[in-house]
Structure formats: C-alpha cells, structure tokens
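Position in the sequence shown (from 1) plus 851 gives the number in this note's numbering.
Beta carbons are placed, not taken as given, at the ideal position from N, Cα and C, and that holds for glycine.
All of these numbers come straight from a predicted model, not from anything done at the bench.
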Amino acid sequence: EPEHAVVAQCLALHAGVGHQVDVWIGHSRDVLQSINDRYEGEIAQNKFAFLFMDQCGSRFWEDLNILFSQDLLLPGAIVVADNVLKPGAPVFLWQLLHGTGRLHF
C-alpha cells in the first residue's frame, strides 16, 4: 500500500536514518528478484541488517530463502515477520525452529 510506504519513509526521515533506509512496495517475489537491478550490481555493499516482512505468511520462508541464496543478510541481521501466528505461517515457523532456518538464526 503506497500510503503505508510514505508513512514508513517519513518515520525513517524523522528518526534521522532516511539516508540508510529504503522502503519498497510491490510483491515480494518481484522486489527480491530485482534487488541487483535496483542497486546497479553493488549488492555486496547493500546487505540487509534489518528486514520487516508483512506479506502473506505462506511467502515468508520462500522470501527468506531468496535472501539466503543471494547472500543478502548481514551476520546478526534482525528479521521480523508479522502475522506468523494468526493467520499463520507454519512452514516459516517450522523451518526456523527445526529446519534449515535454525542454522542461520
């Protein structure tokens, strides 16, 4: 939702970190696949220290795997996922607790 992106950008500016924060809108599948294009191939310098996911819970694990495969998370990165309990994201939670996600976090 564009209005939520504007609010997020304003909050980052107010906090004094607007120059360090990018707020993107769009479907995560499209956004994640276009990261290298957005940063003109300089992705090694643009890894994520913080990630907030607020999409359909069934996409969380798939999206996090894309970030892992492209080596886009800094060591110690903080990942926050909304709505994991209701309506739920059982695959995401299982992978973090028992699957390959436990190796990363």
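> Which term fits Q884, buried or exposed, when burial requires 16 or more other beta carbons within 10 angstroms of its beta carbon?
Replying inline: exposed
> If we ignore side chains and look at the alpha-carbon of each, how far apart do H878 and Q906 end up?
Replying inline: 8 Å
> To the nearest whole angstrom, what separates the beta carbons of A940 and A928, a pair I think is in contact under 8 Å?
Replying inline: With a Cβ gap of about 18 Å, A940 and A928 do not count as contacting.
> Looking at the structure shown, is F903 part of a helix, part of a strand, or coil, going by DSSP?
Replying inline: strand
>> Can you look up A928 in the DSSP assignment and give me helix, strand or coil?
In response: strand
>> What would DSSP say about N897, mapped onto helix, strand or coil?
In response: coil
> Between F899 and L924, is the Cβ-Cβ spacing less than 7 Å?
Replying inline: yes
> Quick one: is V930 buried, meaning 16 or more other Cβ sit within 10 Å of its Cβ, or exposed?
Replying inline: buried
> What is the rounded straight-line gap between the Cα of G950 and the Cα of N897?
Replying inline: 27 Å
>> Among A859, H855, L918 and E854, whose alpha-carbon lies nearest the alpha-carbon of V882?
In response: L918
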